[in-house]
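Notes for the one structure printed next.
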Amino acid sequence: MSLARRIIPCLDTDGARVVKGVHFEGLRDAGDPVELAARYNAEGADEVVVLDIAAARDNRPTFLETIRRVAEQLAIPLTAGGGIRSLEAARAVVRAGADKITVNTAAVERPELLSELSAEFGAQAVVLAIDAKREAGGWQVRIRGGREATTLNAQGWAQRGVELGAGEILLTSVDRDGTQSGFDNELTAAISNTVSAPVIASGGAKVPAHFLEVFTCGAADAALAASIFHDQMQSIRALKEFLRGRGVEVRLPC
Amino acid sequence: MNVTLIDYGACNVPSVERALRRIGAQVETTNLPEKIGAARCLVLPGVGHCAALIAALDAHSLRQPLIEAIGRGATFLGICLGLQALYESSDEAPNLAGLGLLPGRVTRLPENVKLPHMGWNTLKTVRATRLLESVPPDAYFYFAHSFAAPAAGEESAAVSEHGREFVAVLEKENICAVQFHPEKSGATGAQVLRNFLRAAA
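Chains as they are written, first to last, in the numbering used here: chain E, 1333 to 1586; chain C, 171 to 371.
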């Protein structure tokens, strides 16, 4: 008995449709979230993440109807986020069917939000998303979809976030996101070896070897990717078979 | 099959309801003591903080009707915190008494592993249980918790491990419970729920 490493497809949406972009820019349509969620559920995804990437930018209300329709399709956990700034907004997302809530910019601006969410829903439902950009001597935390710098160091912020009540870290490399050049394994290992909570690596995945590397060198507990799954460049089942063949424990659905 | 789903405000009530409906159950979601007291098949979901569950049961005056319904022989399924609440006490809520239907104390998983225990893990069967009929021995289930009940109790039917062994499936007469989330465990989770409905029929 041991815990499997998780493969998590991510649906970045503009509210209603799945979109994709490089370095958080240049968005284009990538499909219907409900259809994609149903496919991933059947293919053996371990969880699904749905983000409203437009919400933080222009303050649009989160897309509760999309969450509701996606949750309908899933017999696996659903994480939702994008623009959640208050306990009230998080309640609405949970009521719509999300098992976990992810927060990013709002937690940087008001860290107590993590404690409030954790007290209400439990730490296992609170995912702190951190967008990290490499700089001399470490990684800087970025907010507002990666566009705005902060003075926070990613390791310190991850640790503080877990202390405040986050039960998981969703760690995106701003440098790698959308490049398909592999996860930032050094960043992932630095955070994963610092915090006591599980770390989901994100940003840069293309081929199965990238996942193998982030689970071994990167010490990731889970790995997240978007476009390679949406475009059917990579099937989740084939990816898991590859990983299992190389000694990584993964769940292959019956 | 009619199932009474206890809704004390836990976030996973809608997911559990959806999962039960998918396999053909008629689900009544309620927090009324008289309905719970009269139920023949009860499900207590739960996720989050144990103190919140126990406090909510007491705030809605559900503790006694629940204990009495189980005492009368209603088939019961506890999920996650719904399993932990069956014991006498929990280190997560040291000032509150559990339902006390099973002896023992729920404790935190060790610090040498990442917490919460979050994700898909397998089971080791300790003895036959109706809940795991037709479930492959290497099946994975979704867990999301930091506290767990002891593995050694006579009610324990299957254990899992994260830092230490803990009870993952228990069955004692009409009391069933699982530490994982069957409503989030794909096809194998649905099989466990079907097995529970069959046991309750």
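Glycine included, every Cβ here is placed at the ideal spot set by N, Cα and C.
CA-to-CA distance, residue j to residue i, given in whole angstroms
| i | j | result |
| --- | --- | --- |
| Ser-1334 (chain E) | Ala-319 (chain C) | 18 Å |
| Gln-1512 (chain E) | His-1562 (chain E) | 14 Å |
| Arg-1401 (chain E) | Glu-187 (chain C) | 15 Å |
| Phe-1395 (chain E) | Cys-1549 (chain E) | 36 Å |
| Arg-233 (chain C) | Pro-286 (chain C) | 27 Å |
| Ala-1439 (chain E) | Arg-297 (chain C) | 46 Å |
| Arg-1583 (chain E) | Ala-1464 (chain E) | 29 Å |
| Ala-1403 (chain E) | Gln-361 (chain C) | 19 Å |
| Gly-274 (chain C) | Ile-224 (chain C) | 16 Å |
| Gln-1566 (chain E) | Ala-1555 (chain E) | 14 Å |
| Gln-254 (chain C) | His-351 (chain C) | 13 Å |
| Asn-1391 (chain E) | Gln-1491 (chain E) | Unreliable positioning characterises Asn-1391 (chain E) in this predicted model, as indicated by a pLDDT of 43, which lies under 50. A coordinate reading is not provided. |
| Asp-1378 (chain E) | Phe-1543 (chain E) | 14 Å |
| Gln-1472 (chain E) | Asp-1509 (chain E) | 15 Å |
| Pro-307 (chain C) | Lys-1572 (chain E) | 19 Å |
| Ser-1534 (chain E) | Ala-1481 (chain E) | 19 Å |
| Glu-262 (chain C) | Cys-220 (chain C) | 6 Å |
Residues of its chain near residue i, where Cβ-Cβ distance is below 8 Å and the 5 sequence neighbours each way are ignored
| i | result |
| --- | --- |
| Ala-1551 (chain E) | Thr-1520, Ala-1521, Ser-1524, Asn-1525, Val-1531 |
| Leu-1445 (chain E) | Arg-1417, Ser-1418, Leu-1419, Val-1435, Ala-1438, Ala-1439 |
Reduced DSSP secondary structure (H/G/I, E/B, other) of residue i
| i | result |
| --- | --- |
| Ile-1339 (chain E) | strand |
| Asn-1373 (chain E) | helix |
| Lys-416 (chain C) | Residue 416 (chain C) falls outside the range modelled here, since chain C spans only 171 to 371, and no answer is possible. |
| Val-1319 (chain E) | Any answer about residue 1319 (chain E) is impossible in this case: the structure gives chain E only from 1333 up to 1586. |
| Asn-1391 (chain E) | Because the pLDDT of Asn-1391 (chain E) is 43, which lies under 50, any placement of that residue in the model is unreliable, and the number read from its coordinates should be weighed accordingly. In this structure, Asn-1391 (chain E) counts as coil in the three-state DSSP scheme. |
| Lys-342 (chain C) | strand |
| Arg-278 (chain C) | strand |
| Glu-331 (chain C) | strand |
| Val-183 (chain C) | helix |
Cβ separation of residue i and residue j, assumed to be a contact under 8 Å, to the nearest whole Å
| i | j | result |
| --- | --- | --- |
| Val-1380 (chain E) | Ala-1362 (chain E) | Not confirmed; about 14 Å, so no contact. |
| Glu-238 (chain C) | Gly-268 (chain C) | Contact doesn't hold; Cβ gap of about 16 Å is too wide. |
| Leu-1383 (chain E) | Gly-1347 (chain E) | With a Cβ gap of about 11 Å, Leu-1383 (chain E) and Gly-1347 (chain E) do not count as contacting. |
| Ile-240 (chain C) | Leu-363 (chain C) | Not really, about 19 Å apart at Cβ, beyond 8 Å. |
| Leu-1410 (chain E) | Asp-1431 (chain E) | 5 Å |
| Cys-181 (chain C) | Val-1426 (chain E) | 5 Å |
| Gly-291 (chain C) | Ala-1336 (chain E) | A small fix is needed here, since residue 291 (chain C) is Asn in this sequence, not Gly. With a Cβ gap of about 7 Å, Asn-291 (chain C) and Ala-1336 (chain E) count as contacting. |
Partners in chain B for residue i, counting only beta-carbon separations shorter than 7 Å
| i | result |
| --- | --- |
| Arg-1583 (chain E) | Of the protein chains in the structure, E and C, none is chain B. |
Sequence-distant residues of the same chain with beta carbon closer than 6 Å to residue i, five excluded per side
| i | result |
| --- | --- |
| Ser-231 (chain C) | Pro-203 |
| Gly-1499 (chain E) | Ala-1455, Gln-1456, Val-1458, Ala-1529 |
| Lys-294 (chain C) | Val-329 |
| Ala-226 (chain C) | Tyr-178, Gly-179 |
| Leu-210 (chain C) | Before going further, note that residue 210 (chain C) is Arg rather than Leu in the sequence given. Result list for Arg-210 (chain C): Ala-244, in chain order. |
Proximity test, residue i beta-carbon vs the ligand MG heavy atom, cut-off 7 Å
| i | result |
| --- | --- |
| Phe-1547 (chain E) | Ligands in the displayed structure: none, and consequently the ligand MG is not present. |
Sequence-distant residues of its chain with Cβ nearer than 7 Å to residue i (five each side left out)
| i | result |
| --- | --- |
| Val-197 (chain C) | Val-173, Leu-175, Glu-187, Leu-190, Arg-191 |
| Gly-270 (chain C) | Glu-258 |
- Message: With a threshold of 8 Å, are at least 3 pairs of Cβ atoms found where one atom belongs to the stretch 215 to 222 of chain C and the other to the stretch 193 to 201 of chain C?
- Response: no
Notebook entry, point to check: If we count Cβ pairs, one from each stretch, closer than 8 Å, do we get three or more for the stretch 320 to 334 of chain C versus the stretch 272 to 282 of chain C?
Noted result: yes
**Request:** State whether the stretch 247 to 263 of chain C contacts the stretch 343 to 351 of chain C, with contact taken as three or more CB pairs (one from each stretch) at a distance under 8 Å.
**Result:** Short answer: they touch.
Checklist entry - Three or more beta-carbon pairs under 8 Å between the stretch 1442 to 1462 of chain E and the stretch 305 to 319 of chain C, yes or no? => result Taking 8 Å as the limit for Cβ pairs, the verdict is that the stretch 305 to 319 of chain C does touch the stretch 1442 to 1462 of chain E.
Review point. Are at least three pairs of beta-carbons, each pair with one atom in the stretch 1551 to 1560 of chain E and one in the stretch 173 to 189 of chain C, less than 8 Å apart?
Key: no
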